[in-house]
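Residue numbers (my numbering), protein chains in the order written: chain Y, 14 to 295; chain D, 14 to 295. C-beta: ideal position from N, C-alpha, C; glycine also. Working notes, structure below.
Next up, the structure:
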């Protein structure tokens, strides 16, 4: 990571913490801020963060890389806060699961030409500094959404940055990203939560589930602080995806009610065919 | 496994094949039948099965343990087929995901006093002999449903058998089993399939998903041959569970449509609380 000597990571949760660890491992001097003083202190104590910043983020001054890793509803405010001090920054990025609003915020903060939104498809249901780890992004797809598509130098820097962390960058527009992720990520999250809620009403616990049921309910353990803003920001697209899933569930239930074994089998065969089409990467 | 010297396993799929491997590893002489001649030949070639039986199952004669490991809609026929030859059997069991119909079939075949239905909560979306492996049941809960609850000697033999395979036996009635599993296993399976079907319509593949989405869709890869009969046998209970899940999904969608962030957060908090209540075993 010779292109950046100093970087700031704002937010040391699962993703931000893991970015900080990887940067430090690459010899980059890492400055950081987290609203939780104990997380920040732990990151300093563990030697990952060289310098803890104060809440006004004026310490960003002079740094070449800024990574915003806070919940998506807090990211815009952070961008506006760092903007006055970001003169030396060559790349400003984030790690949120929605991209349209943060790209708008970057443009609004006059950071557009140096802002490339990032969404690494890594992590799990755990959250916080304690869950962060080095190598989290190895082999993971990371979506890159340039605020200004013509800013090829920023996009190229972002691509190189994630590549150094072992991730596989894919560039697309913020709108396209949010539309796609409603299906590939936000929908599975909401279904997992819905299943957890249905099971909770029966009095059954996750310990009553086998390995399969545990897989399906794993995302229900995700942080509501992270996921409530994601769902709100991408509400329209997620509504559509949820309605589509409800329809598929109702079709299956209909086949069961009619005891239509042929229809039911056909649906399970189609579901398995979809699964097997990408089994090579399973 | 000193209590059984010879055992028959009928059906060498993921679960039956794994039972056969564990029995052989315990020094039990394993006889087996599978409707797929290549699976049966592979099991003999690999030294797991000592003797391949013919389709009339007359070779069951003289054996002390009979394990029926075929799809749940085929199990009743197998029980009727083996009944005339099962005089020496001290324990007859199965491994299906529904228990009421097989218990009825065992009583109908006059095997009730020696039949204890089993359902090991192990395995994954893969199927067939190639997916079977030794140690599959280690640490797994296995439900035991005696056909005749007063047959304590059969229940005790079944409990000891699974205990020797490393599983943790839990005895309950077949009706209670099927009611519970509709929620803990069959519902997650159907939701995973429904999600796969919804994603299939968008043209997105499983390769477009992150680790979370892949977890939620894993069960969609399960065998339709195994799961269609399970769903049909337990249709009424699964219908109820699916309707409950649809309601939870509709509630989440409603909160999104109203942009009611408080309601949405409350639901995600409740889902996470349910998850965290058993995190110790995650």
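Tell me which same chain residues have a C-beta within less than 6 Å of the C-beta of residue 75 of chain Y, skipping the five on either side of it? 101
Within its chain, find whatever has a CB closer than 7 Å to the CB of residue 201 of chain D; leave out the 5 residues flanking it on each side and keep chain order. Result list for residue 201 of chain D: 232, in chain order.
Check whether the region 115-128 of chain D touches the region 151-167 of chain D, counting contact only when three or more Cβ pairs, one atom from each stretch, lie closer than 8 Å. yes
Interface flag, residue 259 of chain D vs chain Y, CB-CB below 8 Å: yes
For a contact defined as C-beta to C-beta under 7 Å, what are the partners of residue 237 of chain Y on chain B? This model lacks chain B altogether; the protein chains it does include are Y and D.
With H, G and I counted as helix, E and B as strand and the rest as coil, what does DSSP make of residue 107 of chain Y? In the three-state reduction of the DSSP assignment, residue 107 of chain Y falls in the strand class, which pools E and B.
Hey, is residue 224 of chain D's beta-carbon within less than 8 Å of any beta-carbon in chain Y? yes
Mind checking who residue 130 of chain Y pairs with in its DSSP beta bridge? Y:158
Where does residue 192 of chain Y fall in DSSP's three states? helix
Helix, strand or coil at residue 200 of chain Y according to DSSP, with G and I counted as helix: Correct three-state label for residue 200 of chain Y: helix.
Near residue 175 of chain D, which residues of its chain fall below 6 Å by C-beta distance, leaving aside the five closest residues on each side in sequence? 155 and 182
Does residue 44 of chain Y come out as helix, strand or coil in the three-state DSSP assignment? strand
So residue 237 of chain D packs on residue 285 of chain Y, CB below 8 Å; how close in whole Å? 6 Å
Let me confirm a value: residue 270 of chain D is counted as buried when at least 16 other C-beta atoms fall within 10 Å, else exposed. Which label applies? exposed
Rounded to whole angstroms, what's the CA-CA distance from residue 268 of chain D to residue 276 of chain D? Just pull it up for me. 6 Å
In three-state terms, what does DSSP make of residue 116 of chain Y? helix
Endpoints, the alpha helix (DSSP H) within which residue 277 of chain D is located: 274-289
Which runs of the beta strand (DSSP E) spanning at least 3 residues fall entirely within the region 22-107 of chain D, listed in chain order? 42-46, 78-81 and 104-107
Can you give me the Cβ contacts of residue 94 of chain Y inside the same chain, cut-off strictly under 8 Å, excluding the 5 residues immediately before and after it? 69 and 70
Go to residue 229 of chain D, then tell me how far its alpha helix (DSSP H) extends in each direction, as first and last residue. Going by DSSP, residue 229 of chain D is part of the alpha helix (DSSP H) stretching over 224-230.
Out of Y:51, Y:50, Y:60 and Y:45, which has the shortest C-alpha to C-alpha gap to residue 38 of chain Y? Y:60
What does the Cβ neighbour count give for residue 227 of chain Y, buried or exposed, with the cut at 16 atoms within 10 Å? buried
Minimum Cβ-Cβ distance from residue 255 of chain Y to chain D less than 8 Å: yes
Taking Cβ positions only, does residue 215 of chain Y come closer than 8 Å to chain D? yes
Length of the line joining the Cα atoms of residue 256 of chain Y and residue 210 of chain D: 13 Å
Out of Y:287, Y:221, Y:229 and Y:204, which one is the CA nearest neighbour of residue 280 of chain D? Y:204
Throw me the rounded Cβ distance for the residue 288 of chain Y and residue 219 of chain D pair, which I believe falls under 8 Å. 6 Å
Output yes or no for whether 8 Å exceeds the beta carbon distance between residue 144 of chain D and residue 118 of chain D. no
Using the C-alpha atoms, what's the distance from residue 64 of chain Y back to residue 57 of chain Y? 7 Å
For residue 16 of chain Y, does the three-state DSSP call read helix, strand or coil? coil
Tell me, to the nearest whole angstrom, how far the beta carbon of residue 1 of chain D is from that of residue 83 of chain D; I am working on the premise that it is less than 8 Å. Past the boundaries of the shown model lies residue 1 of chain D; chain D is included only from 14 to 295, so the question cannot be answered.
Alpha carbon to alpha carbon, how far is residue 242 of chain Y from residue 172 of chain D? 49 Å
If the criterion is Cβ atoms closer than 8 Å, does the pair residue 254 of chain Y and residue 190 of chain Y meet it? no
My output table needs one value for residue 255 of chain Y: the three-state DSSP class, helix, strand or coil. Reduced to three states, the DSSP call for residue 255 of chain Y is helix.
Beta-ladder partner(s) of residue 181 of chain D, from DSSP: D:154
Looking at the unbroken alpha helix (DSSP H) that takes in residue 135 of chain Y, where does it start and where does it end? Note, residue 135 of chain Y: premise wrong, no alpha helix (DSSP H); not H, not E.
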